Amino acid sequence: MTVSSPGLGSNLDVNSIVSQLMAVEKRPLTVLAQKQAGFQAKISALGSLQGTISAMQTAAGNLVPVSGTTAAQKFTVLRTSVADATIASATTTSSAVAGTYRLAVTQLATQHSIATPGGASSPFSGTNGTLPDGGTLTLALGTADGVTVSKTTDITIADDATPEAIRDAINAANAGVAALVINGTDGKQLLLTSDTAGSNQVIKISGSTGLSYVAPEARHHSVSTDIGVFSGIGGTLPVSGTLTIKLGDSDGSNINKTTDVTIAADSTPEMMRDAINSASAGVTAKVVDGTSGKQLVLTSNAGGSNQFIELSGSAAPASTRSDPVEPADTFTQTHAALGATFTLNGVAVSSATNTVTTAIDGITLNLLKGPEAPATSLSTTLTISKDNTSLTTGVNALVKAINDFQSTARNLGSYDATSKKAGTLNGDSTLRTAQNSFRTALGEVPSALAGASLQRLSDIGVSLQKDGTLTVDAAKLNTAIGKDFNGVANLVAAYGSAVKSAADGLVGSGGLIAARSDGLNSSISNLGKQSTVISDRLVQIEARYRKQFTSLDTLIAGMTTTSSFLTQQLANLPKYSNS
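130 is the number of the first residue of the sequence shown in my numbering; add one for each residue after it.
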């Protein structure tokens, strides 16, 4: 077997020659790689530039009021302080007015509590102290009169449920009520307490379990005619005249409404019903058609202990006083649901809950503590003061963001004549456009300030330096705010809007920087494709060079062998002398 090695017979260093030739051939790849690196550096530089512009965009956007609000409202920040923070706390909105208020809490809102009775009156009369009948237990929370209901929850109770089982079912239902079983002297009692304090947190219990509670203020009352009252021809009332409907206390000592209704002769139950309902008597009449004949039933429209119905007059079908519509309570009230009462600078105020939002426009009070006997009130001072720091903080944040941008732009676009080194974006049109955009935004008076007394940033102490950065004269800014808060707010908002608009056009999804970066990435991709083509061609060139120089090596090696042979033969020729 023959083993060959380039240059072995000719002393020709084929590998070195090919390597040197390929180094020359690869120069276009080096140029392309340098271009790619340059483009990549520009992309990185644009990223740095975009970062500073985005920071400006944010700082400027923080100065622009949302739609529907004014600049003054945006920058009006009111601070609240309560001298005794154990009595109350407060928060404000921009509509509040600075001032000092004397707050005196006379009563905190309280939670409503009801409990089942013990002993013989306990509803847990089943085997081993259980509730005999299961079904649906409906818990409602609302005002005592039942007009406003804020939450209603239906809970399924099993037959023969223990007080503990009912407790657990209620607590698992997120009904706005906490249940507790107390082992009292008369046996187990179920105690329910509203989660939230307030006069609008009165508990009502109804359903098919036999458990019930209705606040006295919510109890409606009803009265019905006796069977056979409509004994006239065709089932009519045999009398006519006036029917007097009275609403009042159960004993009739305090009547709050009296209505006279004219009843025609031979009125049917339906005719009487319609006459009563059209009289606005505070009751609703209906006809019940039972197995023993028709009856007229009147029910009070409102609930309360002063809504008992009494019928009298020449056309009265019955004189019986009314009875409650709702079933008898199986719970009794252990603690009333009370609203909060207090005074502000001597003016009496009441609230359903301890969170008060309507007493003073723009101020929410949270009452935390009320008086304890024998005291009748707890007093403290509420102070609402204007805080201008949001305006000065916003200005300083924008100035810092602008200065950071100017510093970054200056470095990226720099040129050192001594070292002849240029910044990555030196001469780049994108950088120039960005600088010009912000120069225009800060240098031109926004149209929103036309005719205003404050129109330029220098009017409030913000000055432009030779290097393009800004400085803030804090004393001049604070003086301007104190003299014309609204004017400064409008100016800051207008320039914030101008800077944000300029930034939006540069760093948005379709902005100039994104477009420039996309173009550079496209160029890098194209250069990569060119590099691939050149690399593929270089493989072929190197193979050709090696083939050519290997052939040359073989040729030279053969010639060297022939030369050596001839030299040897010549040396062996006989030598002749002329002597």
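The C-beta atom is built at its ideal place from N, Cα and C for all residues, glycine as well.
None of these values were measured; they are calculated from a predicted model.
Open item on the list: Assuming the contact rule is C-beta atoms closer than 8 angstroms, residue 428 and residue 412 should be a hit. Round their C-beta distance to whole Å, please.
Closed with: 6 angstroms
Task: Segments of 3+ residues assigned as beta strand (DSSP E) that fall wholly inside the region 587-645 - done: 591-593 and 599-601
TODO: Look at the alpha carbon of residue 624 and the alpha carbon of residue 637, and state the distance between them as a whole number of angstroms.
DONE: 19 angstroms
Task: Identity of the residues DSSP links to residue 316 by a beta bridge - done: 313
Open item on the list: Can you look up residue 205 in the DSSP assignment and give me helix, strand or coil?
Closed with: coil
TODO: Taking residue 179 as the reference, give the member of 515, 560, 349 and 465 with the closest Cα.
DONE: 560
Open item on the list: My output table needs one value for residue 370: the three-state DSSP class, helix, strand or coil.
Closed with: strand
- [ ] Rounded to whole angstroms, what's the CA-CA distance from residue 204 to residue 319? Just pull it up for me.
- [x] 53 angstroms
- [ ] Out of 563, 538 and 562, state which residue places its alpha-carbon closest to the alpha-carbon of residue 551.
- [x] 538
TODO: Determine which residues share a DSSP beta bridge with residue 494 and list them.
DONE: 219 and 485
Task: residue 210 (DSSP reduced to helix, strand or coil) - done: strand
Open item on the list: For residue 485 and residue 231, I'd like the C-alpha separation in whole angstroms.
Closed with: 15 angstroms
Open item on the list: If contacts are defined as beta-carbon pairs under 8 angstroms, then residue 325 and residue 357 qualify, I think. What distance do you get, rounded to the angstrom?
Closed with: Incorrect: roughly 51 angstroms between the Cβ atoms, too far for contact.
Task: Three-state secondary structure assigned by DSSP to residue 144 - done: helix
Open item on the list: Can you look up residue 440 in the DSSP assignment and give me helix, strand or coil?
Closed with: strand
- [ ] Determine which residues share a DSSP beta bridge with residue 265 and list them.
- [x] 285
TODO: Return the chain-ordered list of same chain residues with a C-beta closer than 7 angstroms to the C-beta of residue 408, the five sequence neighbours on each side being excluded.
DONE: 388 and 390
Open item on the list: Can you give me the C-alpha to C-alpha distance between residue 368 and residue 431, rounded to a whole angstrom?
Closed with: 29 angstroms
Task: Distance CB(residue 629)-CB(residue 186) smaller than 9 angstroms - done: yes
Open item on the list: I want to know whether the region 202-221 touches the region 239-256 - three or more CB-CB distances under 8 angstroms.
Closed with: no
Open item on the list: Which of the three DSSP states is assigned to residue 301 in this structure?
Closed with: helix
- [ ] Inspect the beta-carbon positions of residue 667 and residue 158 and report whether they are closer than 9 angstroms.
- [x] yes
- [ ] Pick helix, strand or coil for residue 237, following the three-state DSSP scheme.
- [x] coil
- [ ] Quick one: measure Cβ to Cβ for residue 422 and residue 471, integer angstroms, because I've assumed they're closer than 8 angstroms.
- [x] At roughly 58 angstroms, the Cβ-Cβ gap does not stay under 8 angstroms, so residue 422 and residue 471 are not in contact.
Open item on the list: Could you compute how far the alpha carbon of residue 611 sits from the alpha carbon of residue 477?
Closed with: 35 angstroms
Open item on the list: Tell me which residues share the same chain as residue 603 and place their Cβ nearer than 8 angstroms to its Cβ, disregarding the 5 neighbours each side in the sequence.
Closed with: 521 and 590
- [ ] Taking residue 505 and residue 235 to be in contact with their CB atoms under 8 angstroms, please state how far apart those CB atoms are, rounded to whole angstroms.
- [x] 6 angstroms
TODO: Inspect the beta-carbon positions of residue 497 and residue 217 and report whether they are closer than 9 angstroms.
DONE: yes
TODO: On the DSSP bridge assignment, give the partners of residue 231 in chain order.
DONE: 510
TODO: In angstroms with no decimal places, state the Cα-to-Cα distance between residue 173 and residue 509.
DONE: 60 angstroms
Task: For residue 464, the residue or residues it bridges with in DSSP - done: 242
Open item on the list: With a threshold of 8 angstroms, are at least 3 pairs of Cβ atoms found where one atom belongs to the region 433-445 and the other to the region 242-252?
Closed with: no
Open item on the list: Taking only three categories from DSSP, how would you classify residue 473?
Closed with: strand
Task: Sequence-distant residues of its chain with Cβ nearer than 6 angstroms to residue 618 (five each side left out) - done: 200, 201 and 204
- [ ] Quick one: using the 10 Å Cβ neighbour count with 16 as the cut-off for buried, is residue 446 buried or exposed?
- [x] buried
Task: Nearest-angstrom Cα separation, counted from residue 267 out to residue 252 - done: 16 angstroms
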